[in-house]
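To start, the structure itself, in structure tokens.
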Amino acid sequence: MVASREKLLVAFLLAIWAGLFVWSFIGFSATEPTGDGFTRGFNRVSGFLLWQFAAGIVAVPTYMVGREQARGSALRWASRLPLALATALLLAIGGVIVWARLAG
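Quick note: the sequence shown uses this note's numbering, first residue -8, plus one each step.
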């Protein structure tokens, strides 16, 4: 009984994360850019990052609960995906910042 509850919890957290992750892209593409000049469209980027941050917050407990699953199980592997994608996004943003600073 406990194992099935943990599986349901991991699946539930994965579903919440997937919803937030997908919504960040939908919101980015559906939002009209506002502002003038340099800041035009920044509202779209900030909305994307806000939803990605929310997805990243859900990714941590998803990973932690997923670690309790049996080694090699599909649910354990799936629970690693949200945190891996959140880390990849942070590294990509950091890489763009470093590249922009070095490009002069």
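Where a beta carbon is used, it is the ideal one built from N, C-alpha and C, also for glycine.
Fair warning: this is a prediction, and the values are worked out from it, not measured in the lab.
Who are the near neighbours of residue i in its chain, counting only those whose CB is closer than 8 Å to its CB and skipping five residues on each side?
i     : result
R71   : Y54 and G57
G26   : G32, F33 and N34
V89   : none
A2    : L66
K(-2) : Q60 and L66
Using a Cβ-Cβ cut-off of 6 Å (strictly less than) and excluding sequence neighbours within five positions of residue i, which residues of its own chain qualify?
i   : result
P73 : W8, A50 and T53
Could you tell me whether the Cβ atoms of residue i and residue j are closer together than 7 Å?
i    : j   : result
F12  : A46 : yes
Q141 : S15 : Residue 141 falls outside the range modelled here, since the chain spans only -8 to 95, and no answer is possible.
T22  : G10 : no
Identify whether residue i lies in helix, strand or coil by the three-state DSSP scheme.
i    : result
Q108 : Absent from the structure is residue 108, since the part of the chain shown begins at -8 and ends at 95.
G95  : coil
With a threshold of 7 Å between beta-carbons, can residue i be considered close to chain D, or not?
i   : result
V49 : The structure shown contains no chain D, having only a single protein chain.
CB-CB under 7 Å to residue i, same chain, minus the five flanking residues each way: which ones, in chain order?
i   : result
L80 : Q43
Problem set entry | Segments assigned alpha helix (DSSP H), at least 4 residues, entirely inside the segment -3 to 75 | 33 to 57
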